[in-house]
Amino acid sequence: MAITLKHKRNLSARASSKLRRQIRGRKKISGTAERPRLVVTRSTKHITAQVVDDLVGKTLVSASTLEGDLRAFDGDKTAKAKKVGELVAARAKEQGVESVVFDRAGNKYHGRIAALADGAREGGLTF
3 MAITLKHKRN LSARASSKLR RQIRGRKKIS GTAERPRLVV TRSTKHITAQ VVDDLVGKTL
63 VSASTLEGDL RAFDGDKTAK AKKVGELVAA RAKEQGVESV VFDRAGNKYH GRIAALADGA
123 REGGLTF
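Numbering (our numbering), first residue to last: 3 to 129.
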């Protein structure tokens, strides 16, 4: 599998460092049909999780705080991230996915990223 992230020229030091960490992780992590990749995308307000089969290049399931039912959910961003993890785990179980490879996409395994992973584990996914 080739790395599909591209180096961009006019990035800040923080953004280019995150991109380097992301590329370094994607060299080692790849999703297959038996064990797809759980990708986490984090912004300042929202968090998104996708289960991706890299061999086909297809997203199997996804969940986000941008969805209507999670927008109405009361709680802080960490609680919403945990809810997204539980939701993506439930949707993945419906598709027959039991085990995934966790891809934190260059983010630290802390705070919202860890809460999403804990929610996915409680939902029944194994890493």
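C-beta: ideal position from N, C-alpha, C; glycine also.
All of these numbers come straight from a predicted model, not from anything done at the bench.
With burial defined as no fewer than 16 other Cβ atoms inside 10 Å of the residue's Cβ, what is the status of K110: buried or exposed? Walking along the sequence shown from the start, residue 110 turns up at place 108. Counting Cβ neighbours within 10 Å, K110 comes out exposed, since fewer than 16 surround it.
Whole-number beta carbon distance between A65 and A74, since they are thought to touch under 8 Å: By 1-based counting over the sequence shown, the position of residue 74 is 72. By 1-based counting over the sequence shown, the position of residue 65 is 63. Not quite, the Cβ-Cβ distance comes to about 15 Å (not below 8 Å), so this is no contact.
Enumerated in chain order, which unbroken segments of the beta strand (DSSP E) with a length of 3 residues or greater are wholly contained in the region 59-114? Listed in chain order, the complete beta strand (DSSP E) runs (minimum 3 residues) inside the region 59-114 are 60-66 and 103-105.
Environment of E36 [buried if 16+ CB atoms lie within 10 Å]: As a position in the sequence shown, residue 36 is number 34, starting the count at 1. With fewer than 16 other Cβ atoms within 10 Å, it is exposed.
Quick one, are the C-beta atoms of V53 and A94 less than 8 Å apart? Here residue 53 refers to the residue found at position 51 when the sequence shown is read from its first residue. Here residue 94 refers to the residue found at position 92 when the sequence shown is read from its first residue. In this structure, A94 lies closer than 8 Å to V53 by Cβ.
Hey, quick one: how far does the alpha helix (DSSP H) through I49 stretch, first residue to last? Numbered from 1 along the sequence shown, position 47 holds the residue referred to as residue 49. It is not in any alpha helix (DSSP H) - I49 instead sits in the beta strand (DSSP E) that spans I49 to D55.
Proximity below 8 Å, CB of T61 to CB of V86: Counted from its first residue, the sequence shown places residue 61 at position 59. Counted from its first residue, the sequence shown places residue 86 at position 84. No, Cβ-Cβ distance for T61 and V86 is not below 8 Å.
What residue from H48, S18, A15 and G33 has the CA that sits closest to L118's CA? To locate residue 118, count along the sequence shown from 1; it is residue 116. Nearest of H48, S18, A15 and G33 to L118, Cα basis: H48.
Quick check on R22: does DSSP put it in helix, strand or coil? Here residue 22 is taken as the residue at index 20 of the sequence shown, counted from 1. Assignment of R22 by DSSP, reduced to helix, strand and coil, places it in the helix class.
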